[in-house]
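**Student:**
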Amino acid sequence: MIRVVLPAHLRNLAQANGEVTVEVAGKATIASVLDALEASYPMLQGTIRDHVSRQRRPFVRFFACAEDWSHESADAPLPEAVVSGTEPLLIVGAIAGG
Amino acid sequence: MANKNGVRVLVGTRKGAFILTSDGKREKWDVSGPHFAGWEIYHLKGSPVDPNRLYASQSSGWFGQLIQRSNDGGKTWEPVDNKFVYDGVPGTHQWYDGTPHPWEFKRVWHIEPSLNDPDTVYAGIEDAALFRSTDGGKSWGELSGLRGHGSGPRWQPGAGGMCLHTILLDPSVPGRIFIAISAAGAFRSDDAGATWRPINQGLRSEHIPDPTAEVGHCVHRLAMHPSRPGVLFMQKHWDVMRSDNAGDSWHEVSGNLPTDFGFVIDVHAHEPETIYVVPIKSDSEHFPLDGKLQVYRSRSGGNDWEPLTKGLPQSDCYVNVLRDAMAVDSLDSCGIYFGTTGGQVYASADAGDNWAPIVRDLPPVLSVEVQTLA
Numbered sequence: 556m557i558r559v560v561l562p563a564h565l566r567n568l569a570q571a572n573g574e575v576t577v578e579v580a581g582k583a584t585i586a587s588v589l590d591a592l593e594a595s596y597p598m599l600q601g602t603i604r605d606h607v608s609r610q611r612r613p614f615v616r617f618f619a620c621a622e623d624w625s626h627e628s629a630d631a632p633l634p635e636a637v638v639s640g641t642e643p644l645l646i647v648g649a650i651a652g653g
Numbered sequence: 377m378a379n380k381n382g383v384r385v386l387v388g389t390r391k392g393a394f395i396l397t398s399d400g401k402r403e404k405w406d407v408s409g410p411h412f413a414g415w416e417i418y419h420l421k422g423s424p425v426d427p428n429r430l431y432a433s434q435s436s437g438w439f440g441q442l443i444q445r446s447n448d449g450g451k452t453w454e455p456v457d458n459k460f461v462y463d464g465v466p467g468t469h470q471w472y473d474g475t476p477h478p479w480e481f482k483r484v485w486h487i488e489p490s491l492n493d494p495d496t497v498y499a500g501i502e503d504a505a506l507f508r509s510t511d512g513g514k515s516w517g518e519l520s521g522l523r524g525h526g527s528g529p530r531w532q533p534g535a536g537g538m539c540l541h542t543i544l545l546d547p548s549v550p551g552r553i554f555i556a557i558s559a560a561g562a563f564r565s566d567d568a569g570a571t572w573r574p575i576n577q578g579l580r581s582e583h584i585p586d587p588t589a590e591v592g593h594c595v596h597r598l599a600m601h602p603s604r605p606g607v608l609f610m611q612k613h614w615d616v617m618r619s620d621n622a623g624d625s626w627h628e629v630s631g632n633l634p635t636d637f638g639f640v641i642d643v644h645a646h647e648p649e650t651i652y653v654v655p656i657k658s659d660s661e662h663f664p665l666d667g668k669l670q671v672y673r674s675r676s677g678g679n680d681w682e683p684l685t686k687g688l689p690q691s692d693c694y695v696n697v698l699r700d701a702m703a704v705d706s707l708d709s710c711g712i713y714f715g716t717t718g719g720q721v722y723a724s725a726d727a728g729d730n731w732a733p734i735v736r737d738l739p740p741v742l743s744v745e746v747q748t749l750a
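Sequence lines, in order, name chains Y and E.
The first sequence begins at 556 in our numbering and counts up by one.
The second sequence begins at 377 in our numbering and counts up by one.
#1: Any C-beta of chain E sitting closer than 8 angstroms to the C-beta of ARG612 (chain Y)?
#2: Cα separation between CYS539 (chain E) and MET556 (chain Y)?
#3: Return the residue from the list E:LYS686, E:ALA560, E:ASP503 that minimises the CA-CA distance to GLY526 (chain E).
#4: Is it true that the CB of ALA701 (chain E) sits closer than 8 angstroms to the CB of ILE755 (chain E)?
#5: Determine the extent of the alpha helix (DSSP H) in which ASP692 (chain E) is found, giving its start and end residues.
#6: So GLU574 (chain Y) and PRO643 (chain Y) are supposed to be a Cβ contact under 8 angstroms. How far apart are they, rounded?
#7: Please classify ILE650 (chain Y) as buried or exposed, where buried requires at least 16 other C-beta atoms within 10 Å of its C-beta.
#8: Looking at the secondary structure, which residues open and close the beta strand (DSSP E) in which ALA703 (chain E) lies?
#9: Distance cutoff 8 angstroms, beta carbons only. Does THR602 (chain Y) sit that close to anything in chain E?
#10: Taking PRO427 (chain E) as the reference, which of E:ILE487, E:GLY449, E:VAL653 has the closest Cα?
#11: Which residues of chain A have a Cβ atom closer than 8 angstroms to the Cβ of LYS459 (chain E), listed in chain order?
#12: Report back the beta-carbon spacing between HIS596 (chain E) and ASN576 (chain E) to the nearest angstrom; my notes put them in contact at under 8 angstroms.
#13: Below 7 angstroms CB to CB, which residues in the same chain sit around GLY581 (chain Y) once its five sequence neighbours on both sides are set aside?
#14: What does a CB cutoff of less than 6 angstroms around PRO587 (chain E) pick up in its chain, not counting 5 residues either side in sequence?
#15: Please report how far the alpha carbon of GLY648 (chain Y) lies from the alpha carbon of GLN600 (chain Y), in whole angstroms.
#16: To the nearest angstrom, report how far apart PHE614 (chain Y) and HIS662 (chain E) are at their CA atoms.
#17: Return the residue from the list E:VAL383, E:GLY414, E:HIS419, E:PHE639 that minimises the CA-CA distance to ILE487 (chain E).
#18: In whole angstroms, what separates the C-alpha of MET377 (chain E) from that of GLY512 (chain E)?
#19: Whose C-beta lies closer than 7 angstroms to the C-beta of CYS710 (chain E) among residues of the same chain, with five residues either side of it excluded?
#20: In angstroms, rounded to a whole number, what distance separates the CA positions of PHE412 (chain E) and VAL484 (chain E)?
#21: For the candidate residues E:ARG564, E:HIS541, E:SER558, E:ILE557, whose alpha-carbon lies nearest to that of ASP551 (chain E)?
#22: Quick test of the definition: if touching needs 3 or more C-beta pairs under 8 angstroms, does the segment 615–634 of chain Y touch the segment 454–469 of chain E?
#23: Can you name the residues of chain E whose CB is closer than 8 angstroms to the CB of VAL615 (chain Y)?
#24: Tell me whether HIS486 (chain E) sits in a helix, a strand or coil according to DSSP, three-state version.
#25: I'd like to know whether the C-beta atoms of GLN690 (chain E) and VAL653 (chain E) end up nearer to each other than 8 angstroms.
#26: Can you check whether the C-beta of LEU592 (chain Y) is within less than 8 angstroms of a C-beta belonging to chain E?
#27: Show which residues of chain E have a CB atom less than 8 angstroms away from the CB atom of LEU589 (chain Y).
#28: For PRO547 (chain E) versus LEU491 (chain E), is the C-beta distance shorter than 8 angstroms?
#29: Any beta carbon of chain E sitting closer than 8 angstroms to that of PRO648 (chain Y)?
#30: At a Cβ threshold of 8 angstroms, is LEU568 (chain Y) touching chain E?
#31: Bridge partners of ASP406 (chain E), per DSSP?
#32: Just to confirm, does ASP692 (chain E) get its C-beta within under 7 angstroms of one of the non-hydrogen atoms of the ligand ADP?
#33: Which residue marks the beginning of the alpha helix (DSSP H) containing ALA636 (chain Y), and which one marks its end?
Rendered as C-alpha cells:
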C-alpha cells in the first residue's frame with residue numbers, strides 16, 4: 556500500500572479526505588503509482604501529467620522522503636520507505652506567481 | 377406572466393464560478409458560489425433544451441483543463457472527459473514572430489451546448505480548434521476540418537492567445553456553424569463542422585501586413601439573433617461590423633461610437649436590430665474612455681448609437697469587459713448583463729435603460745451567460 560498526498564485542489568477534485576492509498580503491482584515508480592492513482596480516481600487524469608506525453612505538468616512536483624523526485628525518471632524505483640507505506644509520496648503544486 | 381419566470385446568471389471568474397438567480401423582476405438576487413474555488417472558469421453554459429444541464433470549463437495553470445457537468449442546474453457537478461487531443465499530426469501555426477509553432481492544447485475558452493440535444497456540446501479551445509462531444513462530455517473529438525483549412529498554418533495568436541472563443545449554431549439552417557478565432561478571423565461551416573471557409577471579406581485590419589487578408593483578423597466576438605441568423609454582428613479588435621449574408625461580406629457599423637475598440641457584442645432578445653457593445657479606449661488601454669463605464673445601444677442595427685449610463689459608474693472606472701462577458705435574457709422586458717474585470721456583474725431589466733450591480737466584488741469576470749427559466 557502506497558500513501559499519496561495530493562495538493563488541496565486535487566484532493567477536492569477526487570473528493571478525498573486526507574491521504575489516499577493505492578496498490579501497485581510490480582515495481583513502484585512515479586509512473587506506476589500515477590497509473591494506479593488515475594485508475595482509482597479517473598478525474599485526476601490529465602491533471603498531474605499530460606494525457607498524451609505522460610510528462611509531469613510543469614507546476615507539479617513530486618517529493619519522497621524529503622527529496623525532490625520531480626526530475627527523476629518516472630520509471631525509477633521509489634524509496635523503500637514509500638513502497639512500505641512508512642513515508643508518503645507527496646504531489647505538490649509548485650509555489651508560483653507573484 | 378413574466379414575473380413568474382426566473383433567470384439564472386452563470387458567471388465564470390478567475391477564481392471560480394458563481395450562479396446568480398432571481399425571479400422575473402430581477403431585483404433581488406441569490407448568489408451561489410464559488411464553485412470550483414480557486415480555479416479559472418473561462419465559461420459555463422446551459423443546454424437550451426435542458427436548462428438543468430450545465431457545462432463548465434475549469435482550468436488551472438497547475439493542473440490543466442477539466443470539464444464539469446451538472447444535471448441539476450449547478451447544485452452538484454461531476455467531472456467528465458478532459459482529453460482534448462488534436463486529430464492526427466497537429467502540424468504548426470504561426471507564432472507571434474511569424475515562425476512556425478506546433479499546435480498545443482492550452483484550455484477551453486468557450487462551451488456551446490447544442491440547440492436540440494443536451495448531450496451534444498461544442499468546445500472552442502486554445503490553440504484554436506473546435507471539439508464536439510455527443511455523449512454529454514464523456515468523450516471529445518476534434519472537428520479537424522477547421523484547423524485543417526488551408527489557411528491554418530498562417531493563423532497567429534492574438535495577445536490573449538490563439539483562442540477559438542465564439543461558437544454560434546444557426547437555428548434555421550441545419551449544419552450551419554459560425555466560429556471566430558483570435559487572431560485568424562471568422563469561419564463558417566455549412567456541413568455540421570466537416571468543412572469550413574473563412575468569412576472575413578470586408579474586414580480591414582490596419583495592423584496586419586495585408587489589411588484585407590483572407591485570414592489574420594482579430595475578431596473579438598460574433599453575435600446573432602436567433603430569428604434572423606443570416607445577420608451577424610461582430611466586435612472586431614477595432615471596428616464594429618455587420619453582415620447581412622451569413623458572413624459572406626461585412627460592412628462597418630461603428631458609426632458614432634466614441635471608440636470602436638471593444639470585446640463584447642450582443643443582440644436584444646426580441647429586437648433583432650437592437651445591439652449592444654461596451655466601447656473600450658484602445659488596445660493598449662483596456663478600460664473605458666474617461667473612466668466612464670458606458671454600454672452603447674443601437675436600435676438600428678448599428679451606425680447610430682446611444683450611451684447607456686444610468687446606474688453605471690461615470691467616474692474613475694478602469695475595468696474591462698471581456699469578450700464572453702455579456703448576455704441577454706428573454707423575458708418580456710429583455711434583461712442585459714455584463715461582467716467586468718473588477719468583479720462586478722451589472723444587470724438591466726429594461727433593455728439597458730437602467731443598470732444596477734448584482735454583485736460587485738467577485739474575482740475578475742471572464743464570462744457571463746443567462747438562462748431564462750420557465
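C-beta: ideal position from N, C-alpha, C; glycine also.
A quick note: this is a predicted structure, and the numbers were derived from the prediction, not measured.
**Tutor:** According to the structure data:
#1: Reading the first sequence from its first residue, position 57 is the one you call residue 612 (chain Y). Chain E contact via Cβ: present.
#2: Working through the second sequence from its first residue, we reach residue 539 (chain E) at position 163. Working through the first sequence from its first residue, we reach residue 556 (chain Y) at position 1. Taking the straight line joining both Cα atoms gives about 43 angstroms.
#3: Stepping through the second sequence from its first residue, residue 526 (chain E) is reached at position 150. With distances taken between Cα atoms, GLY526 (chain E) lies closest to E:ALA560.
#4: Outside the shown range of chain E (377 to 750) lies residue 755 (chain E), about which nothing can therefore be said.
#5: Here residue 692 (chain E) refers to the residue found at position 316 when the second sequence is read from its first residue. Neither: ASP692 (chain E) is in no alpha helix (DSSP H) and is coded neither H nor E.
#6: On the first sequence, residue 574 (chain Y) is found 19 positions in, with the first residue counted as 1. On the first sequence, residue 643 (chain Y) is found 88 positions in, with the first residue counted as 1. The Cβ separation is near 6 angstroms, so the contact holds.
#7: If you number the first sequence from 1, residue 650 (chain Y) lands on position 95. Of the residues assessed, ILE650 (chain Y) falls on the exposed side of the cut-off, its CB having fewer than 16 other CB atoms within 10 angstroms.
#8: The sequence position of residue 703 (chain E) within the second sequence is 327, counting from 1. It spans 702–704 - the beta strand (DSSP E) in which ALA703 (chain E) sits, taken as one unbroken run.
#9: Taking the first residue of the first sequence as 1, we reach residue 602 (chain Y) at position 47. Chain E contact via Cβ: present.
#10: The count along the second sequence starts at 1 and reaches residue 427 (chain E) at position 51. Of the candidates E:ILE487, E:GLY449, E:VAL653, the residue whose Cα lies closest to the Cα of PRO427 (chain E) is E:GLY449.
#11: In the structure shown, chain A does not exist; the protein chains are Y and E.
#12: Counting from one through the second sequence, the residue named residue 596 (chain E) turns up at place 220. Counting from one through the second sequence, the residue named residue 576 (chain E) turns up at place 200. Not a contact, Cβ separation roughly 13 angstroms.
#13: To locate residue 581 (chain Y), count along the first sequence from 1; it is residue 26. The residues are SER587.
#14: Within the second sequence, numbered from 1, the residue matching residue 587 (chain E) stands at position 211. Closer than 6 angstroms at Cβ, skipping near neighbours: ARG580, SER581.
#15: Here residue 648 (chain Y) refers to the residue found at position 93 when the first sequence is read from its first residue. Here residue 600 (chain Y) refers to the residue found at position 45 when the first sequence is read from its first residue. One C-alpha to the other measures close to 16 angstroms.
#16: For the purposes of this step, residue 614 (chain Y) is taken as residue 59 along the first sequence, with counting starting at 1. For the purposes of this step, residue 662 (chain E) is taken as residue 286 along the second sequence, with counting starting at 1. C-alpha separation (whole angstroms): 29 angstroms.
#17: The residue given as residue 487 (chain E) occupies position 111 in the second sequence. The shortest C-alpha separation from ILE487 (chain E) is found at E:HIS419.
#18: Position 1 of the second sequence holds residue 377 (chain E). Position 136 of the second sequence holds residue 512 (chain E). Low per-residue confidence applies at MET377 (chain E): pLDDT is 40, beneath 50, and the placement is therefore not dependable, though the value from the model is reported in the following sentence. Their backbone Cα atoms lie some 33 angstroms apart in a straight line.
#19: As a first step, residue 710 (chain E) is located in the second sequence; it is residue number 334 there, counting from the start. Listed in chain order, the non-local C-beta contacts of CYS710 (chain E) below 7 angstroms within the same chain comprise HIS644, ALA645, HIS646, VAL704, ALA727, local neighbours out to five positions each way being set aside.
#20: Within the second sequence, residue 412 (chain E) is the residue found at index 36, counting from 1. Within the second sequence, residue 484 (chain E) is the residue found at index 108, counting from 1. It is roughly 16 angstroms from the alpha-carbon of PHE412 (chain E) to the alpha-carbon of VAL484 (chain E).
#21: As a working note, residue 551 (chain E) is residue 175 in the second sequence. It should be pointed out that residue 551 (chain E) corresponds to Gly in this sequence rather than to Asp. Considering only E:ARG564, E:HIS541, E:SER558, E:ILE557, the residue with the shortest C-alpha distance to GLY551 (chain E) is E:ARG564.
#22: no
#23: Taking the first sequence and counting its residues from 1, one reaches residue 615 (chain Y) at position 60. Per Cβ cutoff of 8 angstroms: TRP438, PHE439.
#24: If you number the second sequence from 1, residue 486 (chain E) lands on position 110. Note: HIS486 (chain E) maps to strand in three-state DSSP.
#25: For the purposes of this step, residue 690 (chain E) is taken as residue 314 along the second sequence, with counting starting at 1. For the purposes of this step, residue 653 (chain E) is taken as residue 277 along the second sequence, with counting starting at 1. The Cβ atoms of GLN690 (chain E) and VAL653 (chain E) do not sit closer than 8 angstroms to each other.
#26: Counted from its first residue, the first sequence places residue 592 (chain Y) at position 37. Chain E contact via Cβ: absent.
#27: For the purposes of this step, residue 589 (chain Y) is taken as residue 34 along the first sequence, with counting starting at 1. Residues of chain E passing the Cβ test: none, with the nearest at roughly 13 angstroms.
#28: For the purposes of this step, residue 547 (chain E) is taken as residue 171 along the second sequence, with counting starting at 1. For the purposes of this step, residue 491 (chain E) is taken as residue 115 along the second sequence, with counting starting at 1. Yes, these two residues count as a Cβ contact at 8 angstroms.
#29: On the first sequence, residue 648 (chain Y) is found 93 positions in, with the first residue counted as 1. Reading the sequence as shown, one finds Gly at residue 648 (chain Y) and not Pro. It does: the Cβ of GLY648 (chain Y) has a partner Cβ on chain E nearer than 8 angstroms.
#30: Here residue 568 (chain Y) refers to the residue found at position 13 of the first sequence. Yes, LEU568 (chain Y) lies at the interface with chain E (some Cβ there is under 8 angstroms from its Cβ).
#31: Counting from 1 along the second sequence, the entry for residue 406 (chain E) is found at position 30. DSSP output for ASP406 (chain E) lists E:THR397 as bridge partner(s).
#32: The ligand ADP is absent from the structure shown, which contains no ligand whatsoever.
#33: As a working mapping, residue 636 (chain Y) is identified with position 81 in the first sequence. Residues 635–638.
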